[in-house]
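Presented below is the structure to which this report refers.
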Amino acid sequence: MASPLGRVLRSSTTIFTFGSLDNADLPAFGALVAAEVGPTWVYGLVYEVVIQDDPFVRQVVAATEGLTAERIEDMRQRRQVPVEITALTVAYRQGDRVYQRLPPRPPAALQPIWACDETTTAQVLADFAFFRTVLNAAHCPSEELLAASLRRAAACRPPEQEKAYLLEAGRELARLLAADLPRLDAILRRLAP
Amino acid sequence: MDDLTHPDAFLASLRAEADGEDAGARLGRVVAGSLSSGLEVRLDHDRRLEDLAVGRYVVMKAGGRLFFGMITDIALDSTHPAFEKTPPDLDNPFLRQVYLGTSAFGRLHVSPLLELDEHDRTPRPVKTIPGHYTPVMTASPEEVAYVFGAEGVQRDAAGKTAHYFHIGRPLEMEDVKITLNLERLVERSSAVFGKSGTGKTFLSRLLLAGVIQSDVAVNLIFDMHNEYGWAGTSEGATRQVKGLKQLFPGRVVIFTLDPESSRRRQSNPDEVVTLPAERIEPEDLEMLAGVLDLHEAQVGAMYVMRRRLGPGWLSDFMNDDWVDAYGSQDPEALATGLKALAEDLGLHQSTLAALRRKLDRYWRYEFITTRSGERDSVALILEYLQAGRSVVLEFGRYGNDLGAYLLVANFLTRRIHQRYVEMKERAFGRSSDEPKPLVVTIEEAHKFLDPQIARHTIFGTIARELRKYNVTLLIVDQRPSGIDPEVMSQVGTRITLALDNEEDIRAVFMGVSGGQALREVLARLDSKEQALILGHAVPMPVVVQTRAYDTEFYRQMGYAEEEELEARFQQNQALMRGRQRHRLT
Ligand SMILES: Nc1ncnc2c1ncn2[C@@H]1O[C@H](COP(=O)(O)OP(=O)(O)OP(=O)(O)O)[C@@H](O)[C@H]1O
Ligand SMILES: [Mg+2]
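Read top to bottom, the protein sequences are chains A and B.
Residue numbers for the first sequence, in the working numbering: 287 to 479.
Residue numbers for the second sequence, in the working numbering: 188 to 772.
The following block contains the structure:
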């Protein structure tokens with residue numbers, strides 16, 4: 287964890303959005319990110335990455351001439367507008383314990399956001415209580431998000447546990463979504479290794 | 188005699204409740220149900236229905252108790268009806284693994300049978316059920332063996348001495364012996380049911396061997412097809428199996444109705460049965476009304492004759508010379524012969540003529556004797572019974588004659604029962620003076636116990652009066668539905684081999700609380716040598732693979748082959764000689 291992914295632009299009880307100027311190292315969809323909030327760590331799943339335009343980009347896009355690969359790369363690196371990344375809050379940690387529920391307070395503005403390593407990801411997503419949080423989230427491609435984050439979490443485990451973890455998650459989903467088969471089926475298909 | 192042993196393993200398992208997480212044996216969890224209708228168990232996702240079977244025992248540990256149940260039905264279920272209508276994509280291995288056992292799962296119906304308390308480890312009928320989500324496990328061999336009690340002489344749950352007889356083993360448990368409490372078996376009437384060829388006779392002979400060996404009761408066996416006494420036939424490779432007399436030469440006597448047939452079969456009969464005609468009473472014939480097609484008027488006529496003509500009524504009535512000569516002594520008589528007899532008795536001549544015609548065939552049976560002063564078979568049989576010896580009555584060729592079978596069995600049993608009633612009443616409750624408990628075995632029992640005649644026959648009476656007079660029945664039959672429901676409800680222990688007729692299956696459960704749940708179990712027995720046992724002699728219903736009636740069984744009953752005896756003799760002699768030599772030196 288050399289440098290943070292970015293800093294909080296805005297946040298709410300359920301989501302937080304942070305800005306990043308580093309276009310090359312954007313977190314993946316479904317990745318787990320963390321922010322420190324007083325004595326707790328708040329965890330969220332990345333579900334939206336927005337790259338906004340600015341007058342300069344507009345100009346360059348309009349002027350089709352002289353657009354070398356080098357120049358494009360240079361412009362990407364030196365943008366004035368940050369990439370906006372939004373994460374869905376799913377858990378927090380207090381001391382050694384991870385709670386899969388909403389944290390008491392969201393991250394404050396300008397708090398640094400960190401990517402989580404494999405151990406942390408496996409630990410934070412070991413339990414399945416966060417399924418409901420994801421499934422119930424509005425304005426978020428919840429099926430895709432859940433599948434993506436579970437696959438990432440599985441990959442963070444020792445190879446011999448990967449499949450068992452996915453199966454267990456699949457069965458938990460089957461339980462939760464017993465009454466909504468199309469949705470269940472959609473997620474399971476995305477989950478299948 | 189040891190006390191009921193409490194295997195440590197069993198106790199440990201009862202204590203290690205631990206929410207039943209000792210993996211491996213767990214099948215699923217209780218999800219619904221009631222005491223009356225049984226428990227619903229949702230199968231764990233890693234359990235395959237294909238590995239289960241109705242009739243198998245399960246245990247549930249909850250609240251310091253161990254509940255025993257039997258799987259009585261198996262079903263498919265799903266969390267949503269759409270799983271039936273639009274099955275998910277099962278070609279995808281992942282989806283398949285998730286859905287099967289989770290969204291689409293197996294369900295068991297379990298009938299609760301017994302409960303054991305941690306402190307008082309006596310099996311008792313269930314009075315409550317395990318709570319929601321109690322883990323359900325396959326019963327271990329130790330647990331099953333514990334409930335049934337070890338083979339041999341033991342103290343039963345009530346502290347009484349009891350003989351536990353090994354009758355078979357549970358399905359899929361090789362080394363467990365299922366035992367029957369013989370005292371309880373003979374305490375009330377019992378039954379062996381099953382369609383033809385399922386092993387009723389073999390199983391009954393097995394039971395009777397147990398009863399004779401343990402001396403729990405004496406037996407009177409109406410051996411319609413000559414299978415119990417000296418030797419029985421087998422469809423198996425051995426062709427012939429040993430009868431009770433060969434196994435217990437000192438404790439069994441063979442009576443025969445047909446000495447010629449017995450000799451031919453070399454069955455070494457001890458006595459020949461005769462029925463003195465002068466002792467035959469209308470009651471003995473009345474129950475043959477169905478077989479003989481006797482009308483009410485004809486039955487009535489027999490009673491009139493008995494009253495007016497005295498004990499010799501039947502011999503006289505069937506004697507042509509006597510009938511022809513009737514009335515000829517009386518000069519004033521207007522008629523002679525049957526006509527005169529009819530007029531004297533106030534009956535129609537046609538009634539008498541028809542009666543004579545119908546009785547004629549019976550009259551020609553060789554075992555009916557008209558000579559007076561014949562030895563009385565009833566007294567002789569009773570003598571043997573009271574000396575503790577069981578009596579097998581071979582019918583020889585009469586076995587195929589239903590009339591003969593009914594007549595003889597009814598004739599003898601009525602009188603023997605009568606004597607038992609007298610003896611019992613004379614004993615005034617002093618058990619030492621009471622007659623030895625008697626079990627009367629009848630094959631084709633529905634012929635004696637069908638609702639039309641059960642009220643009139645001695646067998647109906649015996650079944651209904653329970654053990655009041657120390658006489659009970661062992662009913663062997665292939666048509667339980669043909670037996671009077673009232674009799675059926677008094678049958679204490681029911682041992683049922685395969686049956687396929689719906690009515691028969693229903694009849695077996697008549698008067699058994701919770702019996703309906705076992706229907707599926709019964710309907711799915713193998714066509715041979717598998718039995719469902721329920722009732723008085725077992726702590727809980729059980730499906731067994733019946734014990735083989737073979738040389739091993741003979742040996743366990745104490746039978747030794749001649750070569751073996753010879754070898755033992757030689758051995759003993761050698762031993763004695765050795766001792767002598769020892770002394771001499
Ligand atoms: N316990 C057993 N041990 C060995 N063989 C058995 C046993 N039970 C049944 N059999 C075999 O099955 C055959 C049929 O059994 P059995 O004669 O007892 O049938 P059943 O029900 O009395 O038939 P039925 O209705 O014709 O009298 C026997 O001849 C024997 O070969
Ligand atoms: Mg038979």
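Glycine is no exception: its CB is placed at the ideal position from the N, C-alpha and C atoms.
Since this is a predicted model, take the numbers as computed values, not measurements.
Asked	Found
Below 8 Å, can you find three or more Cβ-Cβ pairs linking the stretch 318-331 of chain A to the stretch 353-369 of chain A?	no
Quick one, which residues of the stretch 283-305 of chain B are near chain A if we go by CB-CB under 7 Å, in chain order?	Gln284, Val285, Tyr286, Thr289 and Ser290
Check whether the Cβ of B:His232 lies closer than 9 Å to any Cβ atom in chain A.	yes
Where do the N-terminal and C-terminal ends of the alpha helix (DSSP H) with B:Tyr244 fall, by residue?	Where B:Tyr244 is concerned, there is no enclosing alpha helix (DSSP H), although the beta strand (DSSP E) it sits in stretches over Tyr244 to Ala249.
Can you pull the chain A neighbours of B:Pro275, defined as C-beta to C-beta under 7 Å?	Asp471
For A:Ala460, return the contacting residues in chain B, with the cut-off set at a CB-CB distance below 8 Å.	Thr266, Val285, Tyr286, Thr289 and Ser290
Under 8 Å between beta-carbons, which chain B residues line up against A:Pro445? List them in chain order, please.	Within 8 Å Cβ-Cβ: nothing; A:Pro445 doesn't reach chain B, min ~16 Å.
Less than 8 Å separating the Cβ of B:Tyr736 from some heavy atom of ligand 1?	yes
Tell me which residues share the same chain as B:Val334 and place their Cβ nearer than 6 Å to its Cβ, disregarding the 5 neighbours each side in the sequence.	Pro310 and Pro726
Is B:Arg663 a contact residue of ligand 2, with contact defined as CB to any heavy atom under 8 Å?	A small fix is needed here, since residue 663 of chain B is Val in this sequence, not Arg. Yes, Cβ of B:Val663 sits closer than 8 Å to a heavy atom of ligand 2.
Compare the C-beta of A:Leu477 against all C-beta atoms of chain B and say whether one is closer than 9 Å.	yes
Using C-beta distances below 8 Å, list every residue in its chain close to B:Glu621, excluding the 5 sequence neighbours before and after it, in chain order.	Met610, Lys611, Ala614 and Asn657
Could you check the C-alpha separation between A:Thr300 and A:Val347 for me, to the nearest Å?	36 Å
Spell out whether any CB of chain A is found under 9 Å from the CB atom of B:Glu208.	Here B:Glu208 scores only 49 on pLDDT, less than 50, and its place in the model should not be relied on; the value that follows carries that caveat. Judged by the 9 Å Cβ criterion, B:Glu208 is not in contact with chain A.
Could you please give me the residues that DSSP links to B:His350 through a beta bridge?	B:Val340
So which residues on chain A does B:Phe335 lean against when the C-beta distance must stay under 7 Å?	Neighbours of B:Phe335 on chain A: none; closest Cβ ~39 Å, over 7 Å.
Can you say whether B:Phe582 is buried or exposed, counting buried as having 16 or more other CB atoms within 10 angstroms of its CB?	buried
Restricting to runs no shorter than 4 residues, where is the alpha helix (DSSP H) found entirely within the stretch 659-737 of chain B?	672-675, 689-695 and 706-710
How about the stretch 333-343 of chain A and the stretch 389-400 of chain A: do they share at least three Cβ pairs that are nearer than 8 Å?	no
Closest to B:Val297 by CA distance: which of B:Ser224, B:Glu305 and B:Arg711 is it?	B:Ser224
Let me know the alpha helix (DSSP H) ranges lying completely inside the stretch 552-626 of chain B, each 4 residues or longer, listed in chain order.	564-573 and 589-614
Nearest chain B C-beta to A:Ile301 closer than 9 Å, yes or no?	no
Between B:Val398 and B:Phe389, what straight-line distance do the alpha-carbon atoms span, to the nearest angstrom?	14 Å
Going straight from the alpha carbon of A:Gln363 to that of B:Pro280, what length do you get?	44 Å
Which chain B residues sit within Cβ distance under 7 Å of A:Arg457?	His232, Val285 and Thr289
Taking only heavy atoms of ligand 1 into account, decide whether any of them is closer than 8 Å to the Cβ of B:Thr388.	yes
By DSSP, does B:Lys545 sit in helix, in strand, or in coil?	helix
Report the residue from B:Val218, B:Asn759, B:Leu709 and B:Ala650 whose alpha carbon sits nearest the alpha carbon of B:Glu374.	B:Ala650
Report the residue ranges of all beta strand (DSSP E) runs contained in full by the stretch 317-377 of chain A; include only those spanning at least 3 residues, in chain order.	318-323 and 326-336
What in chain B is Cβ-close to A:Ala464, meaning under 8 Å?	Thr266, His267 and Ser290
By how many angstroms is the C-alpha of B:Ala262 removed from the C-alpha of B:Gly152?	The question about residue 152 of chain B has no answer here: the residues shown for chain B are numbered 188 through 772.
Does ligand 1 have even one heavy atom less than 8 Å from the beta-carbon of B:Glu739?	no
So the candidates are B:Gly679, B:Ser577, B:Lys623 and B:Ala685; which of them puts its Cα closest to the Cα of B:Ser376?	B:Gly679
From B:Gln341 to B:Glu370, what does the alpha carbon distance come to, in whole angstroms?	11 Å
Is B:Phe281 close to chain A? Criterion is C-beta to C-beta, closer than 9 Å.	yes
Kindly indicate the opening and closing residues of the alpha helix (DSSP H) around A:Ile473.	Leu467 to Leu477
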